[in-house]
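Data block below; observations after.
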RNA sequence: GCGGCUGUGGCGAAGAGGUCAACGCACCGGAUUGUGGCUCCGGCAUUCGAGGGUUCAAAUCCCUUCAGUCGCCCCA
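Numbering (my numbering), first residue to last: 811 to 1241.
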């Protein structure tokens, strides 16, 4: 299917990222929340916004057999907020509440580098505090996540839209500024002018247009209170040595954002034109708009596939743990005994492969190479008689005769020394 | 939704109208039926994404279609 792909060769890298997610969650004391992959279409229309591109042309919508209008989730926040309300999580004593999620999202777009129709996001949401420290915690969490993955080539872009009043002020100022230039702006911008003036700032076509270059800045329309909020966010970020760029054009493509919005962009140029690794911000009215009690909140989400592209560019390639043993049989008698022997060894934790094709001796040796087994165990008539296996250490090329019942222990003893070199550990090679 | 590029064996890749579709890697068999990694010998695409057309003749030209990829848009 267009825009989908199978995760086969990339599984180790996926696992490394997933492991980092769960570790990060512990560091920030986040609780995992898993919500459905589809929701009532209405939910996304009301939260993300009817006029946004995501809802306007990118959702997977369908009617189920009961005539309900269903949408495959295009983002994670709406579902989490719905769940927060339905499960009355706001009624719990502890506040703020911090959640994280990880899973597939779906958007009907033309695929390209860093963009597929089914893609995975990891995100966090913090409910119940309007304090600037939450805005900061979100950003710090995202930055820490990248650090954990040893990704250092990124830039944090930040802006503030302010609360309801500030947003209205700004839209008014923006429309006044744009109105005289409407004729020279692209068709999209003209449409946006009426539907969603904020989105004009995101236009890439008219990015050099004077009207946009000189557009008023959202932060200049902030109320005194909202301005202070933004200043505190920046101050705390600075005190944490988190470099950030105030990007006056950053408005985000979802309608629910208020106050702080941010994006983290890859600067390694590993991603082509889809260079946003993470996006997020504050959404103080969303819970209320979806029927919950007034609850300020903030969150972000990462595009996992883009993270993987970055890791790939950094040549971060975790490897599978090597196979312990390839059990090779010579002769019909031995061939019959091999499965039982392998079974016993696996029960003892020895990762074991045997010939399943009926290969000759030479071919089995070749096969043992392909499996990259550390040891080759040879079983033939001679061994069967003595109740032993000829165990060959592929690292040294030496052979020794080991009794059946001692194989597991012998292997365990031998690999003890190089266990520290275990290359399944997520830490970067050579560090 | 729009635009560019690509599509030859498991992979990479020659081939630009004319007998059998190079080559490299991988794979399989043998030289060597209890020891692999080297070497040597042999095998491995009735077919060039699919369908149609032009032609005496098409992987090569034309049309259609599908797939992949990159970009625009938008975003993660």
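All C-beta atoms, glycine included, are put in the ideal place defined by N, C-alpha and C.
What you are looking at is a predicted structure, and each value in this text was computed from that prediction instead of being measured.
The three-state reading of DSSP puts residue 915 in strand, counting E and B together. Assignment of residue 1069 by DSSP, reduced to helix, strand and coil, places it in the strand class. Excluding five sequence positions before and after residue 1149, the CB atoms of its chain that fall closer than 8 Å to its own CB belong to 1164, given in chain order.
If you look at residue 1192, you'll find it in the alpha helix (DSSP H) that goes 1191–1196. In the structure shown, the three-state DSSP call for residue 1055 is strand. Judged by beta-carbon spacing, residue 943 lies beyond the 8 Å limit of residue 1029, meaning their Cβ atoms are not closer than that value. Residue pairing from DSSP places residue 969 in a beta bridge opposite 1071. Partner residues in the beta bridge of residue 850, as assigned by DSSP, are 880. No residue range can be given for residue 994, since it is assigned to no beta strand (DSSP E) and is classified by DSSP as neither H nor E. DSSP, read as helix, strand or coil, puts residue 816 in coil. Here residue 941 carries a coil assignment [DSSP, helix/strand/coil]. For residue 952, the secondary structure class from DSSP, reduced to helix, strand or coil, is helix. Residue 930 sits in a strand when the DSSP states are folded into three classes.
Ranked by Cα distance from residue 841, the first of 893, 908, 858, 847 is 908. Taking the C-beta atoms as reference points, residue 1081 is found no nearer than 8 Å to residue 1124. A Cβ-Cβ contact shorter than 8 Å links residue 1084 with residue 922. A contact is defined here as three or more CB-CB pairs under 8 Å, and the region 1091–1105 meets this definition with respect to the region 888–895. The DSSP-derived three-state label of residue 1213 is strand. Close CB contacts of residue 1039 within its chain, under the 7 Å cut and outside five residues either way in sequence, are with 942, 1069 (chain order). If the five residues before and after residue 977 are omitted, its C-beta is found closer than 6 Å to the C-beta atoms of 971, all from its own chain and listed in chain order.
1090 is the residue among 1033, 1130, 867, 1090 whose C-alpha sits nearest the C-alpha of residue 1107.
At a Cβ-Cβ threshold of 8 Å, residue 881 and residue 869 count as neighbours. The alpha-carbon of residue 1032 is positioned some 26 Å away from that of residue 951. For residue 1139, the enclosing beta strand (DSSP E) stretches over residues 1135–1139. Counted as a single uninterrupted DSSP element, the beta strand (DSSP E) harbouring residue 1090 occupies residues 1086–1092. Collapsing the DSSP output to three states places residue 1156 in a helix. The beta carbons of residue 964 and residue 1074 sit closer together than 8 Å. Residue 1009 and residue 856 have their C-alpha atoms spaced approximately 18 Å apart. DSSP places residue 1108 in the uninterrupted beta strand (DSSP E) bounded by 1107–1113. Per the coordinates, the alpha-carbon of residue 1210 lies some 6 Å from the alpha-carbon of residue 1200.
Excluding five sequence positions before and after residue 939, the CB atoms of its chain that fall closer than 8 Å to its own CB belong to 905, 906, 1106, given in chain order.
Annotation for residue 887: no beta strand (DSSP E) segment contains it, though the alpha helix (DSSP H) segment containing it runs 887–896. Here residue 926 is not near residue 821, since their CB atoms are 8 Å or more apart. Residue state for residue 1096 is assigned as helix, using DSSP reduced to three classes.
Taking the Cα of residue 1110 as reference, the smallest distance to any Cα among 987, 966, 1174 is reached at 966. In this structure, the CA atom of residue 1192 is about 24 Å from the CA atom of residue 1224.
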